[in-house]
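Residue numbers (our numbering): 38 to 383.
Beta carbons: idealized from backbone N, C-alpha and C, even for Gly.
Reviewing the structure listed below.
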């Protein structure tokens, strides 16, 4: 960031702006995230015909990401990215208005994304301990969201004090940095939560590694959170805040959209297998369609076409709950939470 700080001893060019960079980044990542959400919708609503609350939370998060991006582009319209001495008082007021709303859309979108991911964990990893841990993290995420929204509003009484430069505000630095720090902490918590459970899945080593790699892509979201915090520090201490503000805006947009993308990727295997079965090296399960607690040798020689099956369904391969099956693999065809993301039946 230091390379972009203008030299105070030199005249600043009036037409210089970083707004175009912000708009390009915001639109690019919004398109990528929206594409991932559309593919997720095709997978869950059309191919699997089985969807859950996690899909609705991710869809809502995408709407928040779009709203955040619209606000950020409007900030560019009103001077974000220009040098502060060339930004009028009216432009400053309008830019701060859009900033106010973008902050709340951003925090709400992050909360919805994390809840969607945690619900996904509960559907994939059928463990009582995962259910308890994910529920606890959900409570933590919701508490963070409530505190971020309430503190963001109560910081400005009346509310228009946020964009009215004539009204004295409470210091923003502790609030912004505190919220950013908690957000980073919840990011890493959600990222690391499923790691111990991936290696306990009764799937091939290749599938475990693939799933681990897909879920580890959330590391990029954590990195974006850290870069956003760095941008906040630079912005707060800058003598040219409108010039520095785009960095915080586009890191926020990248973080939110990457979170949506990472939440969608683990659900896309049925779509990929349907388009190109060999791409992921998917093989037909030896036993398919049987509903039961575990894979029993009694059914090993039963012809597949004689087993009960439902059209357009996917075999669910999961681990039993800790207190019931002691980690025994089971194959199930029921359309209920926990259906398989890894072993589609063809």
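Note on geometry: alpha-carbon atoms of residue 270 and residue 248 lie some 35 angstroms from one another. Note: residue 119 is bridge-paired with 54 in the DSSP secondary-structure output. Around residue 308, the same chain offers 76, 79, 80 and 84 as residues with beta carbons nearer than 7 angstroms, after the five sequence neighbours per side are excluded. A straight-line Cα-Cα distance of about 18 angstroms links residue 129 and residue 105. The beta carbon of residue 124 lies closer than 6 angstroms to those of 116 and 279 in the same chain, with the five residues before and after it left out. The alpha carbon of residue 98 has as its nearest neighbour, out of 145, 165 and 163, the alpha carbon of 145.
Boundaries for residue 164: no alpha helix (DSSP H) harbours it, and the DSSP string shows neither H nor E there. Between residue 132 and residue 252, the alpha-carbon positions lie close to 36 angstroms from each other. The three-state reading of DSSP puts residue 185 in helix, counting H, G and I together. With 16 or more other Cβ atoms from the protein chains shown falling within 10 Å of its own Cβ, residue 142 counts as buried.
Distance between residue 62 and residue 287, taken at the CA atoms: about 6 angstroms. In the three-state DSSP reduction, residue 192 falls in the coil class, being neither helix nor strand. Inter-residue distance for residue 291 and residue 297 is about 10 angstroms (C-alpha atoms, whole angstroms). Around the C-beta of residue 148, 16 or more other C-beta atoms lie within 10 Å, and the residue is accordingly described as buried. Here the C-alpha atom of residue 268 lies approximately 30 angstroms from the C-alpha atom of residue 171. For residue 294, the enclosing alpha helix (DSSP H) starts and ends at 278-301. The segment 65-72 makes contact with the segment 100-114, as at least three CB pairs between them are under 8 angstroms. In the three-state reduction of the DSSP assignment, residue 304 falls in the helix class. Shortest Cα-Cα distance from residue 231 to any of 265, 168, 281 and 258 involves 168.
Closest in alpha carbon position to residue 122, among 216, 162, 217 and 277, is 277.
Annotation: the continuous alpha helix (DSSP H) that includes residue 93 extends over 90-114. If you check the CB distance, residue 60 and residue 101 do not come in under 8 angstroms. Its chain contains 217, 285, 288, 289 and 292 as the residues whose beta carbon lies nearer than 8 angstroms to that of residue 265, once the 5 sequence neighbours on both sides are disregarded; these appear in chain order. Taking the Cα of residue 119 as reference, the smallest distance to any Cα among 261, 310, 240 and 49 is reached at 49.
Judged by DSSP in its simplified three-state form, residue 125 adopts coil rather than helix or strand.
Annotation: the continuous alpha helix (DSSP H) that includes residue 233 extends over 232-235. Residue 127 counts as exposed, since fewer than 16 other C-beta atoms from the protein chains shown sit within 10 angstroms of its C-beta.
Contact between residue 161 and residue 301 does not hold, since the beta-carbon distance rounds to 14 angstroms and is not under 8 angstroms.
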